[in-house]
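Asks:
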Amino acid sequence: MIHHVQVACPVDGEAAARAFYAGLLGWAELPKPPLLAARGGCWFAVPGGGEVHVGVEQDFRPALKAHPAFVVDVGALAGALEAAGWPVTWADPAEIPGRARFHTVDGSGNRVEFLDG
């Protein structure tokens with residue numbers, strides 16, 4: 398089991414991370430321990446287990462290939478993301494037969510994948 402994955406955001410990128418992970422995805426924000434909170438960033442609980450940690454990176458550039466992947470109801474989430482104006486790029490179903498999946502970007506432009514359970 399994975400405890401957490403970490404993605405980066407630019408300085409002052411926490412609002413965009415919250416808008417995506419809490420606002421769009423509906424994931425609960427978790428409190429950071431005080432010593433780590435001083436570094437900035439934010440943490441979110443992934444439904445079903447695990448966490449996403451968003452860390453502030455001074456020389457930030459979004460991850461365009463590397464990405465976390467989460468199991469969700471892809472049809473419902475893709476519709477919600479598209480309705481909110483977020484890009485949804487469906488993967489070729491021949492790549493992983495029997496597994497519907499798509500990619501989008503988080504509030505900082507990092508690639509994120511979602512797969513059907």
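So in the numbering used here the end of the sequence shown lands on 514, straight run, no missing numbers.
Ideal Cβ placement from N, Cα and C applies to all residues, glycine included.
(1) Measuring CA to CA, which of Leu-421, Tyr-418, Gln-455, Leu-432 is closest to Pro-407?
(2) Whole beta strand (DSSP E) runs in the region 418–448 with 3 or more residues, listed along the chain?
(3) What are the boundary residues of the alpha helix (DSSP H) that includes Ala-414?
(4) Around the C-beta of Thr-501, are 16 or more other C-beta atoms found within 10 angstroms, so that it is buried, or is it exposed?
(5) Exposed or buried, Trp-487, counting other C-beta atoms within 10 Å across all chains shown (16 or more means buried)?
(6) Decide yes or no for the touch test of the region 487–498 against the region 426–441: beta carbon pairs closer than 8 Å, at least 3 of them.
(7) Between Val-451 and Arg-508, what straight-line distance do the alpha-carbon atoms span, to the nearest angstrom?
Replies: Here's the rundown:
(1) Gln-455
(2) 439–442
(3) Unbroken alpha helix (DSSP H) run through Ala-414: 411–414.
(4) buried
(5) exposed
(6) Not touching, per the Cβ criterion.
(7) 13 Å
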